[in-house]
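In the working numbering, the protein residues as written are 72 to 427. All C-beta atoms in this analysis are idealised placements derived from N, C-alpha and C, irrespective of residue type, glycine included. Notes to accompany the following structure.
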């Protein structure tokens with residue numbers, strides 16, 4: 072057998088000329104397949120629920136007006152075999168038609184357009200705060216391994232992870248709003264304020280765009296308590312992962328070499344250690360944002376936050392199937408989109424990833 076020269080292992084074709092472009096195309100294709108999988112799973116699960124969509128949508132009229140039931144079933148393709156129903160369902164989704172909600176009698180897309188920004192504003196606030204605190208604590212603990220700070224961060228992390236979010240939300244609400252009155256307790260704005268004109272759906276940003284500082288500060292005040300609950304829950308998780316990732320990097324030779332060159336501690340920490348630990352931290356941050364979006368149901372319920380979680384909760388309790396499917400798809404697609412962005416950052420930060 073002829074010996075293989077080192078040059079035979081080099082990437083060829085499009086992979087050699089445009090490795091980043093090929094990496095993006097492959098990741099995009101995988102993401103589209105995952106989105107298709109999400110639509111299939113939501114469709115199958117919804118059809119497993121023993122319910123009558125026409126009866127839910129038409130109410131009492133369903134029992135007295137067979138023609139209306141037939142028209143409803145024809146409109147949504149419910150009188151056709153399941154594979155054909157799925158194709159019709161996909162074609163409607165391609166036009167952003169999620170059907171109509173039986174609880175609000177609005178198009179589900181319109182309801183989601185109002186609820187999603189509220190949840191995204193809450194989740195992003197919590198994610199940014201938790202990322203700064205969690206990564207900072209994890210880095211601090213790793214650089215002082217087995218010292219008091221390290222032990223304290225580990226204990227706080229375990230307490231944060233193991234504390235039930237619903238219980239924590241109730242305690243925070245009771246103490247800081249009901250007993251002490253330090254922060255607003257429910258909703259996104261006090262009743263005397265009207266929501267700013269909708270540009271992004273984020274009240275804080277829309278208030279700044281509209282030049283309404285009082286509305287901005289009131290919206291910030293309403294964000295503090297629910298966001299704090301989500302931060303306390305996620306900061307422990309991020310701190311533990313950041314600590315582990317930093318400890319893995321600390322043992323590498325290039326860290327020892329950087330210190331031996333006499334570089335400052337700040338440059339070694341932020342230029343070498345934190346940069347080397349960034350990939351696993353990015354993964355956890357991306358997954359955390361997805362879990363914040365889908366896991367904000369209980370927090371939004373306690374604080375009467377009119378977001379995606381509360382909308383999903385009401386849809387589930389009233390068996391509003393179109394709304395449930397809409398929420399499932401929006402959360403699933405957002406989750407996939409976040410992971411797509413994380414994958415792209417992987418390829419940009421570490422060129423070895425896109426050549427695999």
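Query: Distance CB(residue 389)-CB(residue 173) smaller than 8 Å; Result: yes
Query: Chain-order list of residues whose beta-carbon lies under 8 Å from that of residue 95 (same chain, five-residue window excluded); Result: 415 and 418
Query: C-alpha gap between residue 153 and residue 110, whole angstroms; Result: 14 Å
Query: Spatial distance of residue 360 from residue 412 (CA atoms); Result: 12 Å
Query: Beta-carbon spacing of residue 394, residue 179 below 8 Å; Result: yes
Query: Span separating the alpha-carbon of residue 77 from that of residue 90; Result: In this prediction, residue 77 scores a pLDDT of 49, lower than 50, which makes its location untrustworthy; the coordinate-derived value is nonetheless stated afterwards. Each residue's Cα considered, the two are about 19 Å apart.
Query: Cα-Cα separation, residue 240 to residue 373; Result: 7 Å
Query: Cα-Cα separation between residue 297 and residue 382, rounded to whole angstroms; Result: 16 Å
Query: Alpha carbon of residue 328 to alpha carbon of residue 357, nearest angstrom; Result: 32 Å
Query: Simplified DSSP state of residue 297, which is helix, strand or coil; Result: helix
Query: Residue 391 (DSSP reduced to helix, strand or coil); Result: coil
Query: Terminal residues of the alpha helix (DSSP H) in which residue 185 lies; Result: 179–214
Query: Segment contact, 8 Å Cβ cut-off, at least three pairs: the region 339–347 with the region 241–255; Result: no
Query: Secondary structure, alpha helix (DSSP H): runs of 4+ residues fully inside the region 247–335; Result: 274–280, 284–321 and 324–331
Query: Per-residue DSSP class, three states only, for residue 150; Result: coil
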